[in-house]
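Take a look at the structure set out below.
Chains as they are written, first to last, in this note's numbering: chain X, 1 to 112; chain G, 113 to 227.
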């Protein structure tokens, strides 16, 4: 079963615009990670944010984490056609199994 | 520095057959996890291997089994295949205990189709 929900399920924007994806989860976490998947192939790790962090940046990516609301957002600025992919959030629980629990993903399409 | 290597890339099997998928972790990694991703869904955790032992297991039946070798590579075996086992199988490697800091490295997956 999936840990949480991602919103929206699909997003289509013009190249150069910003894209925002949201993720909600259910349990207390050690960290939350975002991954990108192109055309149903392997997952690429984008960024990891720990439960005691509120915001993190990596290049054109900005991730926020609100543990009180059990939610996170991923912002991609100045989008490019190459950003077209599915984006997944995944959590690692605070206690118990050190495994990734994924959401259902957001399908992002960047139109040229 | 080689990443995670999975083989084969595609596989077609008949219901009731058995299949073995293989994974070589990224250099320097000692832990291998397997995930199943059905079409349009997020990946689901199958199990994790470290020091040649299954350390954690997700909600998958005993038809799913695995093995880790001394060189850290791993196999996923699925017996008595069902149509519902059709999915992308992903291998992820990490350093034991390092996942909480650095995340996982995924392979490109094996696309299994059961007919």
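Glycine included, every Cβ here is placed at the ideal spot set by N, Cα and C.
Note that the structure is a prediction, hence the values are computed from the model and not measured.
Assigned secondary structure, residue i (DSSP; H/G/I helix, E/B strand, else coil)
i              : result
residue 82(X)  : helix
residue 195(G) : helix
residue 216(G) : coil
residue 94(X)  : coil
residue 106(X) : strand
residue 174(G) : coil
residue 41(X)  : coil
residue 87(X)  : strand
residue 119(G) : strand
residue 10(X)  : strand
residue 52(X)  : coil
residue 139(G) : coil
residue 111(X) : strand
residue 99(X)  : coil
residue 210(G) : coil
Beta-bridge pairing of residue i - partner residues as DSSP gives them
i              : result
residue 24(X)  : 5(X) and 71(X)
residue 66(X)  : 71(X)
residue 166(G) : 161(G)
residue 144(G) : 161(G) and 205(G)
residue 153(G) : According to DSSP, residue 153(G) bridges with nothing at all.
residue 46(X)  : None, per the DSSP bridge assignment.
First and last residue of the uninterrupted beta strand (DSSP E) at residue i
i              : result
residue 230(G) : Chain G is shown only over 113 to 227; residue 230(G) falls outside these bounds and no answer can be derived.
residue 30(X)  : 29-37
residue 224(G) : 222-226
residue 188(G) : 186-190
Proximity winner among the options, relative to residue i (alpha-carbon distances)
i              : options                   : result
residue 204(G) : 214(G), 197(G) and 224(G) : 214(G)
residue 63(X)  : 74(X), 36(X) and 13(X)    : 74(X)
residue 209(G) : 162(G), 129(G) and 154(G) : 162(G)
The stretch 42-59 of chain X touching the stretch 131-138 of chain G, judged by at least three CB pairs closer than 8 angstroms = no
Is the stretch 169-187 of chain G close to the stretch 140-147 of chain G, with three or more CB pairs under 8 angstroms?
-> yes
Are the stretch 94-108 of chain X and the stretch 184-199 of chain G touching by the rule of at least three beta carbon pairs closer than 8 angstroms?
-> no
Report yes or no: do three or more beta-carbon pairs, one from the stretch 89-96 of chain X and one from the stretch 23-31 of chain X, lie closer than 8 angstroms?
-> yes
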